[in-house]
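Read the structure below first, then the notes.
Residue numbers (the UniProt record's numbering): 1 to 466.
Laid out in structure tokens, this is it:
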């Protein structure tokens, strides 16, 4: 029964009327705003809300972990339950009933989201590219020194283990899969160290290609396991050309990651070149989680594609050549070691310590790709540059040569289509030739200087026979 003590006759009558209509006029101390302030008084410094992600996060002593079980509502219910108990103790049953209502709990949670003591911008989290959060403390990757955890660091990520100890089986495994190539071993050491950081100055991605069962997947899966929250996987479809672009949520899931693995390249697949350039270029990109607001972030991850087949390039330009680090791993064990993955996981602390040392080495000399990588990249781009192959097979290159643009394109189109390749438009073909050859307009039409069809092409020889 409602308590009308201290109220005038008119106020008491209004309160009673609202009560009969199911609407209780709440005293200020029991308002939704007052309850939200109680919530904040109890949980400020332990709970934050990120509107751009639509998420509450809770400090767990090491990081700001996502509230995946909606425990936030239990805490809001507890505030409302205590308020209801206070109202009952004062004889205010109507108020107590409203305090316990689901709509009140939801209102308290909604109001608390926007309190300045809880609200955080997404850019504030995981902002320092040189800090690596581990269960043992925060590693400053510039010096390899450890610091204490602090809520003010605003980490949402943590590695699976703290660094420490040795990793002899891991080092032996590296020797096996690289066939003892010390340059490649040191390169992988630097690459893994680089992956620990949120720095992307290299603007590079790695493609590791080789037969199945040769350890390439085991290597990167084990390293990703050591990196914990800092590593994630993504479907190859995100980086391969498709008729329809992937949903923005696929890109949004890469925010904050420092290593992204995509495995199982398909035969005949092509790189999604524009997307890869955007994700590895160091510029901010837009993304959107399901049922959340769009947001922007700067990618911090290093991309590693692992598979049996090399995706093709439609436009083997200088930008892709600068980015791609192609590592062929041809080793195949005579007898598969089914216990290898478990053996390596026992050394995760040592593997993380090994990678931290690799980070220091990367800062000293950079990635410094070895001969095996440089040669593989050169061979790959020579194969992918179809225009260069066509010029070699169907053209004469000479300073005094002149070739009609239309005739050159028609021969290129026949040559490309005979190989199952898309020829593109005459405009795009002309633009690609203009990178290396001058073009002029004449009475006979547009002409390229320094290039003409050779005798075989001019005589109409079927390009499919070349």
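Each residue gets a CB set at the ideal place from its N, CA and C atoms; glycine is no exception.
Restricting to runs no shorter than 3 residues, where is the beta strand (DSSP E) found entirely within the stretch 218–289?
Within the stretch 218–289, the complete beta strand (DSSP E) runs of at least 3 residues are 231–233, 259–263 and 285–288.
Just grab the DSSP bridge partners of residue 140 for me.
Counting from one through the chain shown, the residue named residue 140 turns up at place 140. Answer is 131 and 145, bridged to residue 140.
Cutting at 7 angstroms between CB atoms, please list the residues of its own chain near residue 281, excluding the five before and the five after it.
The residue given as residue 281 occupies position 281 in the chain shown. Once the five neighbours on either side are set aside, the close Cβ partners of residue 281 are 203.
Can we say the stretch 171–180 touches the stretch 271–278, given the rule of at least three CB pairs closer than 8 angstroms?
no
Give the secondary structure of residue 436 by DSSP, where H, G and I count as helix, E and B as strand, and everything else as coil.
Taking the first residue of the chain shown as position 1, residue 436 is located at position 436. Note: residue 436 maps to coil in three-state DSSP.
I need the straight-line Cα distance from residue 72 to residue 229, nearest angstrom please.
Position 72 of the chain shown, counted from the start, is the residue given in the question as residue 72. Position 229 of the chain shown, counted from the start, is the residue given in the question as residue 229. The straight-line gap from Cα to Cα measures roughly 22 angstroms.
Just reading off the beta strand (DSSP E) that residue 59 is part of, what are its end residues?
Start at 1 with the first residue of the chain shown, and residue 59 comes out as number 59. It spans 55–59 - the beta strand (DSSP E) in which residue 59 sits, taken as one unbroken run.
So, with DSSP's three-state summary, where would you put residue 422?
On the chain shown, residue 422 is found 422 positions in, with the first residue counted as 1. Residue 422 falls in the coil class under three-state DSSP.
Exposed or buried, what is residue 143 when buried is set at 16 or more other beta-carbons lying within 10 Å of its beta-carbon?
Position 143 of the chain shown holds residue 143. With fewer than 16 other CB atoms across the displayed protein chains lying within 10 angstroms of its CB, residue 143 is exposed.
Three-state secondary structure (DSSP) of residue 197
Working through the chain shown from its first residue, we reach residue 197 at position 197. Here residue 197 sits in coil by DSSP.
Taking the beta carbon of residue 307 as the centre, do at least 16 other beta carbons fall within 10 Å, making it buried, or is it exposed?
Within the chain shown, residue 307 is the residue found at index 307, counting from 1. Classification for residue 307: buried.
In the DSSP assignment, what are the bridge partners of residue 304?
Reading the chain shown from its first residue, position 304 is the one you call residue 304. Answer is 206 and 261, bridged to residue 304.
What residue from 421, 113 and 351 has the CA that sits closest to residue 167's CA?
Here residue 167 corresponds to residue number 167 of the chain shown, with the count starting at 1. For residue 167, the closest C-alpha among the options 421, 113 and 351 is that of 351.
Out of 99, 301 and 293, state which residue places its alpha-carbon closest to the alpha-carbon of residue 283.
The residue you call residue 283 lines up with position 283 of the chain shown. Comparing Cα-Cα distances from residue 283 to each of 99, 301 and 293, the minimum goes to 301.
Taking 8 angstroms as the cut-off, decide whether the C-beta atoms of residue 305 and residue 373 are in contact.
Working through the chain shown from its first residue, we reach residue 305 at position 305. Working through the chain shown from its first residue, we reach residue 373 at position 373. It is not a contact, given that the beta carbons lie outside the stated cut-off.
Distance between residue 365 and residue 135 (C-alpha atoms, nearest Å)
Numbered from 1 along the chain shown, position 135 holds the residue referred to as residue 135. Numbered from 1 along the chain shown, position 365 holds the residue referred to as residue 365. Each residue's Cα considered, the two are about 29 angstroms apart.
Among 138, 321 and 54, the one whose alpha carbon lies nearest that of residue 114
Numbered from 1 along the chain shown, position 114 holds the residue referred to as residue 114. Shortest Cα-Cα distance from residue 114 to any of 138, 321 and 54 involves 54.
Which residue's Cα is closest to the Cα of residue 254: 241, 240, 235 and 269?
Translated into the one-based positions of the chain shown, residue 254 becomes position 254. Residue nearest to residue 254 within the set 241, 240, 235 and 269 is 235 (criterion: CA-CA distance).
From residue 400 to residue 438, what distance separates their C-alpha atoms?
Looking up residue 400 in the chain shown gives position 400. Looking up residue 438 in the chain shown gives position 438. Taking the straight line from one Cα to the other gives about 12 angstroms.
Whose CA, out of 441, 117 and 318, lies closest to the CA of residue 381?
For the purposes of this step, residue 381 is taken as the residue at position 381 of the chain shown. Nearest option by C-alpha distance: 318.
May I have the straight-line CA-CA distance separating residue 83 from residue 93, to the nearest angstrom?
Position 83 of the chain shown, counted from the first residue, corresponds to residue 83. Position 93 of the chain shown, counted from the first residue, corresponds to residue 93. Going from the Cα of residue 83 to the Cα of residue 93 covers about 11 angstroms.
Just verifying my parser: in three-state terms, what is the DSSP assignment at residue 151?
The residue labelled residue 151 in the question sits at position 151 within the chain shown. The answer is helix: DSSP assigns residue 151 an H, G or I state.
Decide if residue 41 is buried, meaning its Cβ has at least 16 other Cβ atoms within 10 Å, or exposed.
Taking the first residue of the chain shown as position 1, residue 41 is located at position 41. Under this definition residue 41 is an exposed residue.
How is the beta strand (DSSP E) around residue 396 delimited, first residue to last?
For this step, residue 396 is matched to residue 396 along the chain shown. Its beta strand (DSSP E) spans residues 395–404.
Quick one: is residue 21 buried, meaning 16 or more other Cβ sit within 10 Å of its Cβ, or exposed?
As a first step, residue 21 must be located in the chain shown, where it is residue number 21. With a pLDDT of 43 at residue 21, under the threshold of 50, the predicted position of this residue should be treated as unreliable, and no value is reported.
Are the beta-carbon atoms of residue 361 and residue 189 separated by less than 8 angstroms?
On the chain shown, position 361 is the one that residue 361 refers to. On the chain shown, position 189 is the one that residue 189 refers to. Residue 361 places its beta carbon less than 8 angstroms from that of residue 189.
Comparing C-alpha positions only, which one of 86, 402 and 89 sits nearest to residue 442?
The count along the chain shown starts at 1 and reaches residue 442 at position 442. Out of 86, 402 and 89, 402 has the C-alpha closest to the C-alpha of residue 442.
DSSP three-state call for residue 103: helix, strand or coil?
As a first step, residue 103 is located in the chain shown; it is residue number 103 there, counting from the start. Here DSSP, grouped into helix, strand and coil, assigns residue 103 to helix.
Given residue 385, which residues of its chain have a CB within under 6 angstroms of its CB, disregarding the five upstream and five downstream residues?
Here residue 385 is taken as the residue at index 385 of the chain shown, counted from 1. 316.
Collapsed DSSP secondary structure at residue 156 in the structure displayed:
In the chain shown, the residue the question calls residue 156 occupies position 156. Correct three-state label for residue 156: coil.
What residue range is occupied by the uninterrupted beta strand (DSSP E) comprising residue 296?
Mapped onto the chain shown, residue 296 falls at position 296. Taken as a continuous stretch (DSSP letters only), the beta strand (DSSP E) holding residue 296 covers 294–297.
Rounded separation between residue 392 and residue 417 - CA only
Counting from one through the chain shown, the residue named residue 392 turns up at place 392. Counting from one through the chain shown, the residue named residue 417 turns up at place 417. Approximately 17 angstroms between the Cα atoms of the pair.
Would you mind sorting residue 214 into buried or exposed? The rule is 16 or more other CB atoms within 10 Å of its CB.
For this step, residue 214 is matched to residue 214 along the chain shown. Buried.
Looking at the structure shown, is residue 78 part of a helix, part of a strand, or coil, going by DSSP?
Mapped onto the chain shown, residue 78 falls at position 78. For residue 78, the secondary structure class from DSSP, reduced to helix, strand or coil, is helix.
Tell me whether the beta-carbon of residue 63 lies closer than 8 angstroms to the beta-carbon of residue 157.
Locating residue 63 in the chain shown gives position 63, where the first residue counts as 1. Locating residue 157 in the chain shown gives position 157, where the first residue counts as 1. Yes, the Cβ-Cβ distance between residue 63 and residue 157 is below 8 angstroms.
Between which two residues does the alpha helix (DSSP H) holding residue 383 run?
As a first step, residue 383 is located in the chain shown; it is residue number 383 there, counting from the start. Residue 383 -> alpha helix (DSSP H) spans 371–384.
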